[in-house]
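Residue 819 is where the sequence shown ends in this note's numbering, and the numbering goes up by one at each step. Worksheet: one structure, shown below.
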Amino acid sequence: MKAAFVPGAVALALLPMIGSAPAAAKGCLKGALVGGVAGHYAGHHGVLGAIGGCVVGHHLASEKDKRAAQQNQNSATQPDGD
Numbered sequence: 738m739k740a741a742f743v744p745g746a747v748a749l750a751l752l753p754m755i756g757s758a759p760a761a762a763k764g765c766l767k768g769a770l771v772g773g774v775a776g777h778y779a780g781h782h783g784v785l786g787a788i789g790g791c792v793v794g795h796h797l798a799s800e801k802d803k804r805a806a807q808q809n810q811n812s813a814t815q816p817d818g819d
């Protein structure tokens, strides 16, 4: 019975790779590494920790990019003190 599910599971796992655009994963890898290690030591939940770490790391990286863009915009619009 389990052998019948393996090809279906493999097909579902490979489905997102077909026809998808590459994603910008800023912060995800570092967050996944830290989250995976923390999850492993907090009760053998390394995969869940890696998923959560990826989400948090990506969020923090995008917030950092937004702040940097806003600072660049503010510095470009302010007149010089000359």
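Glycine is no exception: its CB is placed at the ideal position from the N, C-alpha and C atoms. Note that the structure is a prediction, hence the values are computed from the model and not measured.
Quiz item: What is the rounded straight-line gap between the Cα of A775 and the Cα of K803?
Solution: The residue labelled residue 775 in the question sits at position 38 within the sequence shown. The residue labelled residue 803 in the question sits at position 66 within the sequence shown. Across the structure, A775 and K803 are spaced so that their CA atoms are roughly 28 Å apart.
Quiz item: Looking only at its own chain, which residues have a Cβ that is under 6 Å from the Cβ of H777, when we skip the five neighbours before and after it?
Solution: For the purposes of this step, residue 777 is taken as residue 40 along the sequence shown, with counting starting at 1. If the five residues before and after H777 are omitted, its C-beta is found closer than 6 Å to the C-beta atoms of G783, all from its own chain and listed in chain order.
Quiz item: For G776, which three-state DSSP category applies?
Solution: For the purposes of this step, residue 776 is taken as residue 39 along the sequence shown, with counting starting at 1. Of the three classes helix, strand and coil, the one that applies to G776 here is helix, per DSSP.
Quiz item: A787 and A762 look like a contact to me (Cβ under 8 Å); what is the Cβ gap, rounded to whole Å?
Solution: Within the sequence shown, numbered from 1, the residue matching residue 787 stands at position 50. Within the sequence shown, numbered from 1, the residue matching residue 762 stands at position 25. Going by Cβ atoms, the distance from A787 to A762 rounds to 13 Å, so no, they are not a contact pair.
Quiz item: When DSSP labels each residue in this structure, what does A762 get in the three-state scheme?
Solution: Indexing the sequence shown from 1 puts residue 762 at position 25. Residue state, collapsed to three classes: coil.
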